[in-house]
Structure formats: C-alpha cells, structure tokens
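Below is one structure, written out as structure tokens; comments come after it.
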Amino acid sequence: MLSKNGVKYYSTLLLKKYRDRERKFIVEGKRLVEEALNSSFECEVVVVTQKFVDLYPELISNIKNNHTLEIVKEVDFKRMTDTQNPQGILAVLKKKNLKFMFEPNSNFILALENISDPGNLGTIFRNADWFGIGQIILSNDSAEVYNPKVLRASMGSVFHVEFSDGLDLYHELTHLKEKGYQIVTADMDGENVYSFNKPEKFVLVLCSEAHGASDKLLQITDTQITIPRKGKAESLNVASASAVILSELTK
Numbered sequence: 105m106l107s108k109n110g111v112k113y114y115s116t117l118l119l120k121k122y123r124d125r126e127r128k129f130i131v132e133g134k135r136l137v138e139e140a141l142n143s144s145f146e147c148e149v150v151v152v153t154q155k156f157v158d159l160y161p162e163l164i165s166n167i168k169n170n171h172t173l174e175i176v177k178e179v180d181f182k183r184m185t186d187t188q189n190p191q192g193i194l195a196v197l198k199k200k201n202l203k204f205m206f207e208p209n210s211n212f213i214l215a216l217e218n219i220s221d222p223g224n225l226g227t228i229f230r231n232a233d234w235f236g237i238g239q240i241i242l243s244n245d246s247a248e249v250y251n252p253k254v255l256r257a258s259m260g261s262v263f264h265v266e267f268s269d270g271l272d273l274y275h276e277l278t279h280l281k282e283k284g285y286q287i288v289t290a291d292m293d294g295e296n297v298y299s300f301n302k303p304e305k306f307v308l309v310l311c312s313e314a315h316g317a318s319d320k321l322l323q324i325t326d327t328q329i330t331i332p333r334k335g336k337a338e339s340l341n342v343a344s345a346s347a348v349i350l351s352e353l354t355k
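Dropping the structure here:
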C-alpha cells in the first residue's frame, strides 16, 4: 500500500515545475500505461486501485513480475490524476536524459515551432507515428510533451517516436543543414505541397497556425510549402495540416 506521503509526492507530478524538478511524469489509463511499460522509458512504480486489480488480474500479474506495484484507495488515486473518471491505473515514469545535440537517423525529420496547444501536439505525435516518422524536434516554446493532455491526445505515440525537447531548435536546424538536410517549412505563402518535389534529405517544420513561421525560422528555411485552400476558412488547424502534409510527403 502506497503511503500518504507517497500519494502526496506523486500528486505533485501533475504540475510541470515538479515534473521538471524530479525528471518524472505520470501516465494514466490502461492503454497508455501498457504502451509506456512496453517502451524504452524506465518505470518507477505502477499504482492501481483494488477495483482495477479485480478487473484485470492477468495484467496485474504481468506487471507484478516486472515492475513495482502499489495499491491505493480510490480517493487517493484521484489525487494523482487529472481525469474526471480515472480507470484506476497509472505509471510513474522517469524522463530520459537530455541530449546535448540532436543526431538524425533518417532522411525525413519533423520539427515543431511554437506548437503550444497540448491537444494539437499530441495529435501531431499520433499522425507522425502513423506515417512512420521516427524523430521529432520541438522548439522550447512548444507545449511540454509530458503534459497529461499531450500524452492522452497522442494515444501512446509519444512512446513510439523519438523526440528532443530540450534543445535550441534553430541551432539544431542549422546543424542539420550542415549535414545536408534541407529545411522545408509549412507556411500559407508556400509552394503547393501536391506539386512539391521533396529533397532526398529534409526537415519538415510545422508552426503555430496563430503565429505562423518566425522570422528566425524563415531565415534558415530553404523551401516553403502549403496546402492549397479551396474554401473560405482563414487557416487549417496545425494537427489537421500535419496529417495532410505527412500523407503527401511519405508517399
């Protein structure tokens, strides 16, 4: 049984400042926890309610064999999650060590500038995962990947796609240009994505639909692309745009 102090400590991880300080984060829900436990992230503890234990005895047995498992009362469990109707299982994971430099391992890399909405960020991870993108670089002004809303929106894809979120995006893009990558930025004034001849090695940069690409980014951009507008909408949600562009550029 997890102690009251343990419940109090883990509940602090709902706040970003404590996730940053402790280098830990929480994933909640059966599907997300299973994805997390099968990933390369190190699990500190799995916390469950007795009701969940009774519902999923086989899963609990597997967890016990490989991880530390703690049972808590439902009232204590709710203190450690931000969902209205928690499923009764969460895992506390350790963040991976920060990298000092991004190292590419594919010819198509995704970069994100100022994607501040957690739902959009999580959906972009899910789309990237679907289309086989293996690496994502995030600017420091993007939403935190370990935000519970991002994790839920990604449907576990955060655990499938390698990401770097503690680096200077513009420094890393310049570094990638030196390695032969072209910087391709999605922007309203860009070339039609459906007629775009993609380079052999490139980084696709998606930006906030509210602010567009920054001047700093445009200065190092080689090509701008866009999805042609047919109707009267002012802009396309960045998560929706990511699905369209990734579908086209991964053909």
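Its first residue numbered 105, the sequence shown is counted upward by one per residue in the working numbering. Glycine included, C-beta positions come from ideal geometry on N, C-alpha and C. Values in this document were obtained by computation on a predicted structure and should not be read as measured data.
Boundaries of the beta strand (DSSP E) in which residue i is found, first to last residue
i	result
N209	That residue, N209, is in no beta strand (DSSP E); it is neither H nor E in DSSP.
K253	Segment 252-258 is the alpha helix (DSSP H) holding K253; no beta strand (DSSP E) there.
F263	Per DSSP, F263 belongs to no beta strand (DSSP E) and is neither H nor E.
Q286	286-296
E313	Premise fails: E313 is in no beta strand (DSSP E) and is neither H nor E.
A195	193-198
Check whether residue i and residue j have beta carbons under 8 Å apart
i	j	result
V152	L173	yes
F129	R123	yes
L119	V176	no
D233	S261	yes
V150	H171	yes
T289	V309	yes
L194	V131	yes
D272	A247	no
E313	L340	yes
R127	K199	yes
I213	V307	yes
N201	V342	no
Assumed close pair residue i, residue j - CB separation to whole angstroms, cut-off 8 Å
i	j	result
L350	F235	4 Å
E304	N211	6 Å
Q328	D293	6 Å
Where the alpha helix (DSSP H) through residue i begins and ends
i	result
L90	No answer is possible for residue 90: the residues shown for the chain start at 105 and end at 355.
L280	273-282
Cβ neighbours of residue i in the same chain (closer than 8 Å, five flanking residues each side left out)
i	result
S318	E217, N218, C311
L163	K134, E138
G316	D291, M292
S143	F263, H264
Any non-hydrogen atom of the ligand SAH within 7 Å of residue i CB
i	result
V157	By its list of ligands, the structure shown contains no ligand whatsoever, and the ligand SAH lies outside what it can speak to.
Beta-carbon proximity list for residue i, same chain, < 7 Å, skipping 5 on both sides
i	result
A347	N231
K302	L353
G192	V152, T153, K155, F156, F181
M184	V111, Y114, S115, I130, V151, L194
Other residues of its chain near residue i: CB distance less than 6 Å, five sequence neighbours each side excluded
i	result
G226	V254, A257, S258
I167	V150, L173
F145	L197
Do the segment 275-284 and the segment 247-257 touch if we need at least three Cβ pairs shorter than 8 Å?
With a cut-off of 8 Å, the segment 247-257 and the segment 275-284 do not count as touching, because too few Cβ pairs lie within range.
Would you be able to state if there are at least three C-beta pairs under 8 Å between the segment 225-244 and the segment 190-210?
The way I'd put it, the segment 190-210 does touch the segment 225-244; three or more beta-carbon pairs between them come closer than 8 Å.
Does the segment 285-304 come close enough to the segment 260-273 to have 3 or more Cβ pairs within less than 8 Å?
Contact fails: fewer than three Cβ-Cβ distances are below 8 Å.
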